[in-house]
Amino acid sequence: MQAEALKKNPNWKGRKGPVVLVIMDGVGYGKYKEGDAVANSKMDNLNALINNNPHAKLKAHGTAVGLPSDEDMGNSEVGHNAIGCGRVFNQGAALVSKSIDTGAMFEGSAWKEIVSNVKSESVLHFIGLFSDGNVHSHLDHLKAMIVQAKKEGVKCVRVHVLFDGRDVGETSALEYIDPFEAFLKDLNTDGFDAKIGSGGGRMWITMDRYGADWSMVDRGWQTHILGNARQFASAREAVETYRKEIPGIIDQDLKEFVIAENGKPIGTIKDGDSVIYFNFRGDRALEMTAAFEDNNFDKFDRVRRPKVCYAGMMEYDGDLKVPKRYLVSPPSIDRTMGEYLAASGVRTLAISETQKFGHVTYFFNGNRTGKFDEKLEDYIEIKSDVIPFEQKPLMKCKEITDKVIEAIPSGKYDFIRLNFPNGDMVGHTGVYQAVITSMEGMDVQLGRIAKAVEEAGAVMLVTADHGNSDDMYEHDKKTGAVSLKEDGSPKAKTSHSLNPVPCIIYDPGYKGEYPNEPKENCLNEGLGISSVAAACIQLLGFIPPEDYDKSVLKMQEI
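Under the working numbering, the sequence shown has 390 at position 222, and the numbering climbs by one with no breaks.
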């Protein structure tokens, strides 16, 4: 269904400036004092906004963003989907699990093509994130597909593992390798041969996104496809060796390796093979998919491009129809806020740096590439530095802010949305002091935007897509005590948190259309981040669609 123009709210008295939506990626309310880099940073501007304006805590994980259970951490993709479309849709993990449980995946044409292509002497390869973090992938999905492949007569399987250390423990790789190797050993009967073929850390090979660092994908291609990497007898040996040689290295940064027998890699990908990229989330699957599918690929020298039957777990880009073959259909997200605003003549600016640019555009628009209206929408991408985030934790928050404070008084825009990636991208490094620096640097920029909002008579809504920097240490689930390393230092947590996130309304030109006192119960409580869409629409002077989730604002509309 296509979005129609929104109805205007006759009780809205208007504001001089635009509505500014600030998404502080990875910033939540921590559960523990120790390791909460948000609470422990000097963030005078954020605290002033919270203390002096209406604010609430929003859910940003689990069922509130379409994930299977409230034990599942939120992530930037589903978070921006929820914020941008104003409703909750079942997301990747839930869709894949259901498709496997019902058998629908294995009845689909993509699976049948993959299997029929390798029933004789070819190999079925799986590439993806090797964990149960349930953000990009889940090991249960991989295991189910391997079991089914054996049932259907596939003889040889090779798994190309990408170690996590972000959505799970930072040095937990062996906790996944050993049980998986045992699982494969039990399956390897009756002529079936399944083994790990290659691997490396997710932030070193293969899983780049938004074209930030194509050298990662190049290293992945050299490793998985060509077999050009350091050789080991097992994945365990590779992990243990790199940990000894590079003290302090965490899983996401582990160097590339191939498993070899008699001096030859056992998992190179050749003509006639089938390949499944088993990540269900699209952002870090698109580039390797392009390397397999794009006839005009020019990002690096592939040396050779094997003729394979390739499939993604899901359709990673619905507009570009990528990949050509996929096992599970993604959620069909329609009538997003962006589409409604375009239909209503609202002039919009979306801006972030490369690391989160796709989140305020593609994911915000319901996994849609491109604009709804070229005349009404401007997208600005600030190029991210290709450097470890802990080495430059401020990232591009100043450069983003420079553009935003130019745009606010310009008269060119009615709605501005931006993402500060710091809390998430630096949070994933596990380097506590770097996160403190990133938070305090972002806070300075938040203050600059708040000042511009006040001077222009604009409105600002500050929120986040999920938590991360608010929970930087591992804690014992029963006692809450900080988990310690052998040297007595806190064990870093690099994954997202299950904590709520802020929602703050800063409206210097307030005219009485809704309760606006600096206390928490001034806004509707107990909601998820999908409620932000209706609030933005209300602050723009419109009535939200009837099926949008309830707004945080207690707005008079009729």
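Quick reminder that beta carbons are idealized off the backbone N, C-alpha and C, glycines included.
Extent of the continuous alpha helix (DSSP H) to which residue i belongs
i	result
SER267	260 to 270
THR631	Where THR631 is concerned, there is no enclosing alpha helix (DSSP H), although the beta strand (DSSP E) it sits in stretches over 627 to 631.
LYS311	307 to 319
LEU614	600 to 624
LYS566	565 to 575
LEU488	Here LEU488 belongs to no alpha helix (DSSP H), and DSSP marks it neither H nor E.
PRO670	Segment 669 to 674 is the beta strand (DSSP E) holding PRO670; no alpha helix (DSSP H) there.
ASP592	590 to 593
LYS280	277 to 284
Cβ-based burial, residue i [other Cβ within 10 Å; buried from 16]
i	result
GLN523	buried
GLU227	Looking at the sequence shown, residue 227 is not Glu but Lys. The residue is buried, with at least 16 neighbouring Cβ atoms inside 10 Å.
GLY591	buried
GLU681	buried
SER552	buried
ASP715	exposed
VAL554	exposed
MET371	buried
TYR488	For the record, residue 488 in the displayed sequence is Leu; it is not Tyr. LEU488 is exposed by the Cβ-count criterion.
GLN706	buried
SER520	buried
MET169	exposed
ALA649	exposed
LYS646	exposed
GLY365	buried
LYS564	buried
Cβ pair residue i, residue j closer than 8 Å
i	j	result
GLU632	VAL246	In the sequence on display, residue 632 carries Ala and not Glu. The answer is no: Cβ separation not under 8 Å.
ASN667	ASP639	yes
HIS248	VAL528	yes
VAL471	LEU562	no
ASP717	SER698	yes
ILE418	GLY333	yes
ARG377	GLU455	yes
LYS412	PHE351	no
ARG452	PHE425	no
ILE573	ALA620	yes
VAL720	LEU695	yes
ARG503	PRO713	yes
ASP193	PHE531	no
VAL206	ASN243	no
GLN724	ASN179	yes
VAL291	ASP441	yes
VAL325	GLY367	no
VAL188	LEU614	no
LEU422	GLY369	yes
ASP238	ALA261	no
Beta-carbon contacts of residue i that lie in its chain and below 8 Å, excluding the five residues immediately before and after
i	result
THR727	Since the first residue of the chain shown is 169 and the last is 726, residue 727 is not available in this structure.
PRO556	THR597
THR339	GLY333, ARG411, ILE418, ASP419
MET651	Correcting the residue type first, residue 651 is Ser in the shown sequence and not Met. If we look at SER651 and ignore the five residues flanking it on each side, its Cβ neighbours are TYR641, GLU642, HIS643, ASP644, PRO658, LYS659.
LEU263	PHE448, MET482, VAL496, SER497, PRO498, PRO499
Cut-off 6 Å between Cβ atoms - residues of its own chain near residue i, not counting five sequence neighbours on either side
i	result
LYS539	GLU545
LYS210	GLU608
ASP582	PRO186, VAL514, ARG515
ASN396	GLN390
GLY450	TYR484
PRO683	CYS690, LYS722
PRO474	ILE437, LYS438, ASP439
ALA602	GLU558, PRO561, VAL594
ALA401	none
Proximal residues to residue i (C-beta, below 7 Å), its chain only, five neighbours per side dropped
i	result
GLN316	PHE274
LEU509	THR516, PHE583
MET677	Looking at the sequence provided, one finds Gly at residue 677 rather than Met. Within the same chain, GLY677 has close Cβ partners ARG183, LYS184, GLY625.
LEU342	ARG404, VAL407
ARG255	SER698, ASP715, TYR716, ASP717
ASN356	ALA362
PHE710	LEU174, LYS175, LYS176, ASN177, SER512
ASP381	VAL554
ARG616	THR569, ILE573
Residue interval of the beta strand (DSSP E) (run including residue i)
i	result
ASP546	545 to 550
LYS353	LYS353 -> not in any beta strand (DSSP E); alpha helix (DSSP H) instead, spanning 341 to 355.
Can at least three beta-carbon pairs, one atom from the stretch 566 to 584 and one from the stretch 596 to 605, be found at a separation below 8 Å? no
Check whether the stretch 313 to 323 touches the stretch 275 to 292, taking contact to mean three or more Cβ pairs, one atom from each stretch, closer than 8 Å. yes
Between the stretch 688 to 700 and the stretch 648 to 666, can you find at least three pairs of beta-carbon atoms closer than 8 Å? no
Are there three or more Cβ pairs, one per stretch, closer than 8 Å when the stretch 421 to 435 is compared with the stretch 294 to 302? no
Segment contact flag, the stretch 218 to 238 with the stretch 600 to 612, C-beta cutoff 8 Å, min 3 pairs: no
Quick one: any contact between the stretch 228 to 237 and the stretch 248 to 257, if contact means 3 or more CB pairs under 8 Å? yes
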